[in-house]
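The structure appears below as structure tokens.
Number of protein chains: 2
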Amino acid sequence: MAAPTPVPCCAPIARAPLAETEAAELAGLLKAVADPVRLRLLSMIGSHPGGEACVCDLTDAFDLTAPTISHHLKVLRTAGLIDGERRGTWVYYWIIPETVARLGALFIPLAEPAPAAGPVDVELLPA
Amino acid sequence: MAAPTPVPCCAPIARAPLAETEAAELAGLLKAVADPVRLRLLSMIGSHPGGEACVCDLTDAFDLTAPTISHHLKVLRTAGLIDGERRGTWVYYWIIPETVARLGALFIPLAEPAPAAGPVDVELLPA
DNA sequence: CTATAATTTCGACAGGTGTCGAAGTAAGGA
DNA sequence: TCCTTACTTCGACACCTGTCGAAATTATAG
Chain A
1 MAAPTPVPCC APIARAPLAE TEAAELAGLL KAVADPVRLR LLSMIGSHPG
51 GEACVCDLTD AFDLTAPTIS HHLKVLRTAG LIDGERRGTW VYYWIIPETV
101 ARLGALFIPL AEPAPAAGPV DVELLPA
Chain B
1001 MAAPTPVPCC APIARAPLAE TEAAELAGLL KAVADPVRLR LLSMIGSHPG
1051 GEACVCDLTD AFDLTAPTIS HHLKVLRTAG LIDGERRGTW VYYWIIPETV
1101 ARLGALFIPL AEPAPAAGPV DVELLPA
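Here the protein sequences line up with chains A and B, keeping their order.
Following this note's numbering, the numbering of the first sequence begins with 1 at its first residue and continues without gaps.
Following this note's numbering, the numbering of the second sequence begins with 1001 at its first residue and continues without gaps.
Written as structure tokens, this is what we have:
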């Protein structure tokens, strides 16, 4: 089974009208990520060697106080985008890839501009 | 040439630390979409037959006044997510798929849960 | 040319959000 | 035990944002 799917067009968000509750939930997730600092935090955590970063590694990269960084990390954590734990003196955070992928899945237009194998005949929209 | 890429792991956002300017720009895009009403508007426009929708079609689906809907449409348009034009009495809007796809590209973890063909050994993160 | 309908712009206001400094908590070291 | 370091919580404040009603704009119909 390689392609039982009817190869639909467009991103999921453009395929069928979003329900009210679903929209509210997704908007919450998006709000968490719709901030330059949090976007960079997420990126720094995810790209850190080992897949996790200590808060001390993150704070120095910003012109912000520790409470502010802590606040942003809390927002990301509450949204389910990262998780973390204290290990001795330091607190480490890591990305929850499932949640990140959920965001991407909303907007991807079906297939990446990747070396897709298969009968991919992507047309984004008839314009 | 089908795959000169070294098959990287993770979503782009988790691959390398986002630059400050890039983060600011992307956050702007995300802010535009981080609202339940705008998310639904985008979805309704994109899924409308013909790929475009009249404002009159959109307004009725919400418990909001026309000025408010107009405001949200303006936010989406300013962000480059939709465009529109007046045709006679009505104003029509349509999605700009490029911009939507750009959002998705940030978060997709490389390959979809699709029947990927190739030496794909996706592990999102070593947890 | 006036009336009517569709949409946008404008001003105003309540509520949400990012930031800080000060204080609190937790762990390690002298 | 007390001090220092790492991080979080708490209050406060400026600013941004979603919403509305009223008025302006654009186009069609009489």
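Just so it is clear, CB atoms sit at the ideal spot from N, CA and C, and this is done for glycine as well.
All of these numbers come straight from a predicted model, not from anything done at the bench.
Query - Contacting residues, own chain, Cβ-Cβ under 8 Å from A70(A) (five flanking each side not counted) - result: At residue 70(A) the sequence reads Ser, which differs from the Ala that was named. Once the five neighbours on either side are set aside, the close Cβ partners of S70(A) are V55.
Query raised in the report: Does the pairing of the stretch 26-36 of chain A with the stretch 75-89 of chain A give three or more beta-carbon distances under 8 Å?
Result: yes
Query raised in the report: Do A1023(B) and R40(A) have their C-beta atoms within less than 8 Å of each other?
Result: In this structure, R40(A) lies closer than 8 Å to A1023(B) by Cβ.
Query raised in the report: Buried or exposed: where does A53(A) fall if 16 or more other Cβ atoms within 10 Å of its Cβ makes it buried?
Result: Counting of Cβ neighbours within 10 angstroms places A53(A) among the buried residues, the total reaching 16 or more.
Query raised in the report: Does P97(A) have its Cβ less than 8 Å from a Cβ in chain B?
Result: Under the 8 Å criterion on CB atoms, P97(A) is classed as interfacial with respect to chain B.
**Report entry** Member of P17(A), P12(A) and C10(A) whose CA lies at the smallest distance from the CA of F1062(B)
**Finding:** P17(A)
Query - Close-in-space but distant-in-sequence residues of the same chain around D1083(B) (CB under 8 Å, 5 per side omitted) - result: Within the same chain, D1083(B) has close Cβ partners R1077, Y1093, W1094 and I1096.
Requested in this report: State the CB to CB distance for the pair F1107(B) and A1011(B), rounded to an integer number of angstroms; the pair is presumed to be in contact (CB under 8 Å).
Outcome: Contact between F1107(B) and A1011(B) is confirmed by a C-beta separation of about 5 Å, below the 8 Å threshold.
Query raised in the report: So, is the C-beta of G80(A) closer than 8 Å to a C-beta in chain B?
Result: no
Query raised in the report: Taking the alpha-carbon positions, what's the G1046(B) to C9(A) distance?
Result: 11 Å
Requested in this report: Could you round the C-beta distance between V37(A) and L64(A) to whole angstroms and report it? I think they count as a contact, below 8 Å.
Outcome: Contact flag correct, Cβ pair sits at about 7 Å.
Query raised in the report: What's the call for P1067(B), buried or exposed, on a 16-neighbour Cβ count within 10 Å?
Result: exposed
Query raised in the report: How about A1027(B) and S43(A): are their beta carbons less than 8 Å apart?
Result: no
Report task. Would you tell me roughly how many angstroms separate the C-alpha atoms of T1089(B) and D57(A), rounded to the nearest one? Result -> 57 Å
Query - Environment of P49(A) [buried if 16+ CB atoms lie within 10 Å] - result: exposed
Requested in this report: Please work out which residues of its chain come closer than 6 Å, Cβ to Cβ, to G51(A), disregarding the five sequence neighbours upstream and downstream, and give them in chain order.
Outcome: Taken in chain order, the residues that qualify are W94.
Query raised in the report: Which of the three DSSP states, helix, strand or coil, is assigned to G50(A)?
Result: helix
Report task. Determine which residues share a DSSP beta bridge with D1083(B) and list them. Result -> W1094(B)
Query raised in the report: What does a CB cutoff of less than 8 Å around R1102(B) pick up in its chain, not counting 5 residues either side in sequence?
Result: L1029
**Report entry** chain B contact residues for G84(A), given Cβ-Cβ distances below 9 Å
**Finding:** By Cβ distance, chain B contributes nothing, its closest Cβ being about 13 Å from G84(A), past 9 Å.
Query - Inter-residue Cα distance where the pair is E1123(B) and A1105(B) - result: Here E1123(B) scores only 37 on pLDDT, less than 50, and its place in the model is too uncertain to base an answer on.
Query raised in the report: Where does the unbroken alpha helix (DSSP H) through A23(A) begin, and where does it stop?
Result: E20 to V33
Requested in this report: Under 8 Å between beta-carbons, which chain B residues line up against I108(A)? List them in chain order, please.
Outcome: In chain order: A1101, G1104, A1105, I1108 and E1112.
**Report entry** Where the alpha helix (DSSP H) containing P1109(B) begins and where it ends
**Finding:** No alpha helix (DSSP H) contains P1109(B), which DSSP labels as neither H nor E.
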